[in-house]
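Each residue of the sequence shown is one higher than the one before, starting from 466 at the first, in our numbering. Positions of the beta carbon are idealized from the N, C-alpha and C atoms, including for glycine. Since the model is a prediction, treat every value here as computed from it, not as a measurement.
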Amino acid sequence: MKKVLGALLLALIVLTSMCISNNNSSTSSTSSTTSSSSTTTETFTLDKAKFHFYMYGAATCPHCRKMKEEIPKFFGKDALTYYELQGNEHNMNMFEQLYQILGVTGVPVIGIFYDGKLYAIVNGEFPLEYADDLVEEAKKANGVLFITDKTYLIPENKTEIINKLEYIFTNGEPSEV
466 MKKVLGALLL
476 ALIVLTSMCI
486 SNNNSSTSST
496 SSTTSSSSTT
506 TETFTLDKAK
516 FHFYMYGAAT
526 CPHCRKMKEE
536 IPKFFGKDAL
546 TYYELQGNEH
556 NMNMFEQLYQ
566 ILGVTGVPVI
576 GIFYDGKLYA
586 IVNGEFPLEY
596 ADDLVEEAKK
606 ANGVLFITDK
616 TYLIPENKTE
626 IINKLEYIFT
636 NGEPSEV
């Protein structure tokens with residue numbers, strides 16, 4: 466009974482805190498996205514067709530809506546798999562595992578895969594033209610980048626954790642994009 470109440474409490478906390486942690490950072494990244502998009506797309510070095518984004522989000526979150534719109538525009542309509550949390554118990558259970566591993570409480574949480582491999586996890590909105598930089602940096606650092614209010618590295622030798630994260634991002638129940 467305590468475990469069920471704990472899970473319900475966690476779900477309530479997650480749903481009520483969605484988007485709260487991202488409000489200040491999104492306005493600055495939005496202005497940089499629009500002002501630099503013409504120059505940065507020319508310097509995009511990796512093959513856009515090899516990118517895939519898996520995103521846990523909520524329909525009520527403006528940051529999630531923005532990323533749901535922008536990822537397909539920038540990378541193509543098949544580049545995004547979206548997992549709605551509200552009203553989906555399976556996705557909430559998967560998100561709870563992200564919380565246990567990474568401590569994330571807000572959405573969106575986006576797994577950036579390149580050529581089928583997880584290279585970065587971003588908690589919040591980010592300028593999509595930097596996706597190639599994130600992958601390149603993760604390759605150089607030999608691990609998976611986790612970007613939230615700070616940047617962390619999950620070293621590639623932490624295979625159990627990385628495999629678990631890849632599983633969580635690739636095994637949600639997809640929702641309409």
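Cβ neighbours of residue i in the same chain (closer than 6 Å, five flanking residues each side left out)
i, result
"T451", "The structure shown does not extend to residue 451, since the chain is modelled only from 466 to 642, so the question has no answer here."
"K542", "none"
"K513", "F540"
"A606", "L618"
"Q562", "I633"
Option in the options with minimal Cα separation from residue i
i, options, result
"T616", "N628, G589, F560, L593", "G589"
"C529", "I566, E535, P573", "P573"
"Y595", "I577, K582, L583", "I577"
"K582", "C526, T613, G608, F539", "G608"
"A544", "M532, I536, Q551", "I536"
"G637", "E534, P527, N553", "N553"
"N628", "T508, K531, I566", "I566"
"I619", "F560, V587, M559", "V587"
"L630", "K531, P527, I575", "I575"
"I612", "F591, N622, I626, E621", "F591"
Outcome for residue i when other beta-carbon atoms lying within 10 angstroms are tallied against a minimum of 16
i, result
"Y548", "buried"
"Y521", "buried"
"G568", "exposed"
"A603", "buried"
"H517", "buried"
"A585", "buried"
"N556", "buried"
"T624", "exposed"
"K533", "buried"
"T570", "buried"
"T508", "exposed"
Beta-carbon contacts of residue i that lie in its chain and below 7 Å, excluding the five residues immediately before and after
i, result
"A524", "E549, Q551"
"Y579", "L511, K515, F516, V600"
"C531", "Just to set this straight, residue 531 is Lys in the shown sequence, not Cys. Correct list, in chain order: E590."
Same chain only: Cβ atoms within 8 Å of residue i, ignoring 5 sequence neighbours per side
i, result
"T510", "D597, E601"
"L593", "T498, E535, I536, F539, F540"
"E621", "N607, G608, V609, I627"
Those residues which DSSP pairs with residue i across a bridge
i, result
"G637", "Answer is none; G637 lacks a bridge partner."
"T616", "I612"
"M532", "Looking at the DSSP assignment, M532 forms no beta bridge with any residue, so it has no partner."
"Y521", "Y548, V574"
"F509", "Paired residue(s): none; F509 is not in a bridge."
Every unbroken alpha helix (DSSP H) within the segment 537–606, with a cutoff of 4 residues, ordered by chain:
554–567, 596–606
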